[in-house]
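I have placed the structure first, in the form of structure tokens, so that the comments after it can refer back to it.
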Amino acid sequence: MSEAHHKSESHLDNQTETWFSSWFDTPYYHILYKERNYREAQHFMDNLTHYLNLPEKAKVLDLACGKGRHSIYLSQLGYEVLGADLSENSIAEASKNNNLHLRFKVHDMRQPFDEKFDAIFNLFTSFGYFEKDEDNLTTLKAIKASLTDYGFAVIDFMNVHQVINTLVPEEVKVVDGIEFHIKRYVADGHIFKEIDFEDQGKSFHFTEKVKALTLDDFKELMDEAGIYLLDIFGDYKLKKFHKTESERLIMIFK
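Its first residue numbered 1, the sequence shown is counted upward by one per residue in UniProt numbering.
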């Protein structure tokens, strides 16, 4: 779940805002996760777009796009891409890449868009971080409302069963000279990650929190939202989903 954007708190400045105005908007989030495997992510998008057989110039929404690296790649594949994210800092950075086929906007995924898309991608565990459970259903309904009649949506989530079975309780990661002390645990139906570090003489503490949604949970939500689940994959090569072994839970729906 290292890729997720979650609720966070900084005890440094007594912020009480949710994740999108603290941890994900800090430079430290991007420092900690800068070693992500983007080549693997690009292969995933190659596989996805090929599987979906998206037409040339299809309108694609990258929902929770961060700084837009995947949006940029999707536009290079020939699609008309909108990258949307709640983080104003990330969108400001991403917007430097704007062109005729690529644009970015600040947007809350709980709200439908005033345009329709042929494909909506919600990638790398960018779901399930809301304080209110009903917001997960609201988000699915907003995705449904933002699809064309023949459009497809993809949610790429962690496989909760595999994550919990392989959870590393404590870890230290050193990136750019910063020593990140990380603790992971499961509580109240959520997976937590506590992150502590020091930089320039100041101490920081952030908490990531994502709801431990299983395939059954998603099916229940999708039924309620009137969504048709078409296919389920277990990794970025689009191999079959196995409840205990698969690294990912990738759901294709319309």
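We put the beta carbon where it would ideally sit given N, CA and C, even for glycine. Keep in mind the model is a prediction, meaning the values are calculated, not measured.
- Under the criterion of beta carbons closer than 8 Å, Leu-229 and Phe-253 qualify as touching, at roughly 5 Å.
- In the displayed model, Tyr-73 falls within a helix according to three-state DSSP.
- In the DSSP assignment, the residues bridged to Ala-187 are His-190.
- Within the UniProt domain "Methyltransferase" (60-148), the runs of beta strand (DSSP E) at least 3 residues long that lie entirely inside it are, in chain order, 80-85, 102-106, 117-122.
- In terms of Cβ geometry, Ala-153 and Val-186 do not form a close pair [threshold 8 Å].
- Using a Cβ distance threshold of 8 Å, Val-106 and Leu-86 count as a contacting pair.
- Measuring C-alpha to C-alpha distances from Gly-78 to each of Lys-57, Asn-98, Ala-94 identifies Lys-57 as the nearest.
- In this structure, the beta-carbon distance from Leu-249 to Phe-157 falls below 8 Å.
- By DSSP's assignment, Lys-173 forms a beta bridge with Phe-180.
- If you ignore the 5 residues before and after Val-172, its C-beta comes within less than 8 Å of the C-beta of Glu-179, Phe-180, His-181, Ile-182, all in its own chain and listed in chain order.
- Within a 10 Å sphere around the beta-carbon of Ser-203 sit fewer than 16 other beta-carbons, which makes this residue exposed.
- Here Val-160 is buried. Its C-beta has 16 or more other C-beta atoms within 10 Å.
- DSSP places Val-160 inside the alpha helix (DSSP H), whose first and last residues are 160-165.
- Taking C-alpha positions only, Ser-126 is separated from Ala-64 by approximately 6 Å.
- For Phe-241, same chain residues with a beta-carbon under 7 Å away, outside a window of 5 residues either side, are Ile-232, Phe-233, Gly-234, Leu-249 in chain order.
- In this model, Ala-119 and Gly-201 are separated by some 46 Å (Cα to Cα).
- Nearest to Gln-111 by C-alpha distance, out of Asp-135, Trp-23, Phe-117, is Asp-135.
- Distances from the CA of Leu-140 to each of Asp-217, Asn-165, Asn-53 were compared; the closest alpha carbon is that of Asp-217.
- In terms of Cβ geometry, Tyr-38 and Arg-69 form a close pair [threshold 8 Å].
- Non-local beta-carbon contacts of Pro-169 in its own chain, meaning distances under 8 Å to residues more than five positions away in sequence, involve Lys-183, Arg-184, Tyr-185 in chain order.
- Shown here, Asp-216 sits in a helix according to DSSP, grouped into three states.
- DSSP, reduced to helix, strand and coil, places Ile-155 within a strand of the structure shown.
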